[in-house]
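Chemist: Structure provided below as structure tokens; questions to follow.
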Amino acid sequence: RLFRTFGSERKELIVLLFCSSILNAQTDPYRFTGIISGTNSYKFAVLKLPDINYTEAKVLTDNKFEFTGNFFAYIPRFGNLPIWNIILTNDTNHIIDTDPQIQFVMEPQVVINYNSDSGLFDVSGGPMNQVKNAFRANELQYNVQQDSVIRLIKNNSSDPEIIKKLKRKISSLNVAKIKNKSEIIKQNPNSEVSLNEFSAFAVFPYYSREQTRELFMIFPEKIRRTRYGKRLDSIYNDTFNKLVKPNMLGKQFPKFELPNEKDVKIKGLSIASKYTLIDFWASWCMPCRAEYPFIKTAYERYKIKGFKVITISIDKSTDKDKWQAAILKDGLSGFDNLFCPSLEAGTSGIAKELNINAIPSNYLLNEKRVIVATDLRGKDLEEKLKSLMP
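Using the working numbering, read the sequence shown as starting at 682 and increasing by one per residue.
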């Protein structure tokens, strides 16, 4: 039940998927209390419900605070569980990111203590806050490790090989964090808190469509059929419908012309070979870049047999320098690297024509421009080439 707050080193991005309207007051009482310990002191504790802009401040007395009142019910627009914040500050008119804060679920009795020396909150309450704590502990565990790796990256910024390994470490930590989050959902399928946390899987395609559906079906029907459950089901379907590629196998790859690193326009298919992998990526996409060691291994083994790689970056036009730097860092100079910048409205050119809504994404073509495979990951590429060019 101990949780660390992060100031300037980490800003938590909270995506609010809802707004709400206040309804009638209720009679059930609530009581939120807390004690602040450690060397740092604060003047105020602020209770906030961000989605309806509700704010109440209390002056700390002997480093203690208490909020009491009656529950007021409101129906969020999409029916999700409201999450409250406690913020410790010295100026209620200028609350800043570095002010310690913690999220919790409103229950009749909640105790929220804070140690300023360790930066840890201790939250205790009813069953919903117990589940909330489990998700928060998972975030903390991996955020602390990721912050440590980020510091190592800053201290080793001149060594590209170390940077590459550390970035892969961040990616692997993120994968582990997401996996653990799904396990907590599976362990607590009857909790509305778990449904709130599932929203991340509905919005972002961490897993395949089938895996995400399987995770959603963990919830009992009474939760799936709530207004928020139906909302997430709809969002999930929209998310994956946008990612569905038309069946391109057996079809010819479209013609295209793009600039390379030297701004020379290249007719992509004029440089194709017996078998050519066309890989869409971006400098900011760590999963994309994590694939390149596998692609390079396959290239070194099969280039003598007529295998070629064309990479197409969908970095923003303003990030062309980052694209070029990533080519050098990841050792992609042996490939034909082309630039198809994304626009504010989405992808452009060949990426838009192919409906590239997520990366990494790749296509394996034969010498007649016919697509023989798509989205080959890890060692799958080498296995496919082995079957085509034994």
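Yeah, the Cβ is synthetic: ideal placement off N, Cα and C, and Gly gets one too. Here the structure is a predicted model, which is why all the values come from computation and not from measurement.
So the beta strand (DSSP E) E891 belongs to, where does it begin and stop?
Modeler: Where E891 is concerned, there is no enclosing beta strand (DSSP E), although the alpha helix (DSSP H) it sits in stretches over R890 to F897.
Chemist: When we look at the beta-carbon of F752 and count the other beta-carbons within 10 Å, is it buried (16 or more) or exposed?
Modeler: exposed
Chemist: How far does the alpha helix (DSSP H) with S829 in it reach, from first residue to last?
Modeler: P808 to N836
Chemist: Mark N928 as exposed unless 16 or more other C-beta atoms lie within 10 angstroms of its C-beta, in which case mark it buried.
Modeler: Exposed, because fewer than 16 other Cβ atoms sit within 10 Å of the Cβ of N928.
Chemist: Decide if L930 is buried, meaning its Cβ has at least 16 other Cβ atoms within 10 Å, or exposed.
Modeler: exposed
Chemist: Please determine if the region 803-820 and the region 833-850 are in contact, where contact requires at least 3 C-beta pairs separated by less than 8 Å.
Modeler: These segments do not touch.
Chemist: In whole angstroms, what separates the C-alpha of G1059 from that of E972?
Modeler: Roughly 6 Å between the two C-alpha positions.
Chemist: Tell me, which residues are paired with R712 by DSSP?
Modeler: T749 and Q790
Chemist: Do you know whose CA, among P763, R758, N761 and S722, lies nearest F746's CA?
Modeler: S722
Chemist: I'd like the list of long-range same chain contacts for S1042, defined as Cβ closer than 7 Å, with 5 residues on each side in sequence excluded.
Modeler: F961 and D1056
Chemist: Quick one: residues in its chain with C-beta nearer than 6 Å to the C-beta of L737, no 5 flanking neighbours on either side, listed in chain order?
Modeler: Leu is not the amino acid found at residue 737; the sequence shown has Glu there. Contacts found: L728.
Chemist: If K955 and F988 are in contact, beta carbons under 8 Å, what's the gap, nearest whole angstrom?
Modeler: 7 Å
Chemist: Whose C-beta lies closer than 8 Å to the C-beta of D996 among residues of the same chain, with five residues either side of it excluded?
Modeler: Listed in chain order, the non-local C-beta contacts of D996 below 8 Å within the same chain comprise A963, S964, W965, K1003, W1004, F1020, P1022 and S1023, local neighbours out to five positions each way being set aside.
Chemist: Do you know whose CA, among A953, L741, I768 and Q868, lies nearest Y735's CA?
Modeler: I768
Chemist: Helix, strand or coil: which one does DSSP assign to S839?
Modeler: Here S839 sits in coil by DSSP.
Chemist: Can you tell me the Cα-Cα spacing of S829 and F725, whole angstroms?
Modeler: 31 Å
Chemist: Could you name each continuous beta strand (DSSP E) segment of 3 residues or more that falls completely within the region 943-989, going from the start of the chain to the end?
Modeler: 946-948 and 956-962
Chemist: Grab me the residues of G760's own chain with a C-beta within less than 7 Å of its C-beta, minus the 5 sequence neighbours each way, in chain order.
Modeler: T907, R908, Y909 and R912
Chemist: With 16 other CB atoms within 10 Å as the buried threshold, where does V804 fall?
Modeler: buried
Chemist: Consult DSSP for P1071 and reduce its assignment to one of helix, strand or coil.
Modeler: coil
Chemist: Going straight from the alpha carbon of V1073 to that of E1064, what length do you get?
Modeler: The displayed coordinates of the chain run from 682 to 1071. Any statement about residue 1073 would go beyond what the structure contains.
Chemist: Keeping to the same chain, check which residues put their C-beta closer than 6 Å to that of I952; ignore five residues upstream and five downstream.
Modeler: Result list for I952: D1017, in chain order.
Chemist: Can you list, in chain order, the residues of its chain with a C-beta nearer than 6 Å to that of E1034? Leave out the 5 residues immediately preceding and following it.
Modeler: P935
Chemist: Hey, would you say N794 sits closer than 7 Å to G715, going by beta carbons?
Modeler: In this structure, G715 lies closer than 7 Å to N794 by Cβ.
Chemist: Leaving out the 5 sequence neighbours to the left and right, which residues in its chain are closer than 6 Å to K850 when beta-carbon positions are compared?
Modeler: V830
Chemist: Going by beta-carbon coordinates alone, are N766 and Q782 separated by less than 7 Å?
Modeler: yes
Chemist: Using beta-carbon positions only, say whether L950 and L1045 come within less than 7 Å of one another.
Modeler: Not in contact: L950 and L1045 (Cβ atoms no closer than 7 Å).
Chemist: To the nearest angstrom, report how far apart T920 and I985 are at their CA atoms.
Modeler: Each residue's Cα considered, the two are about 41 Å apart.
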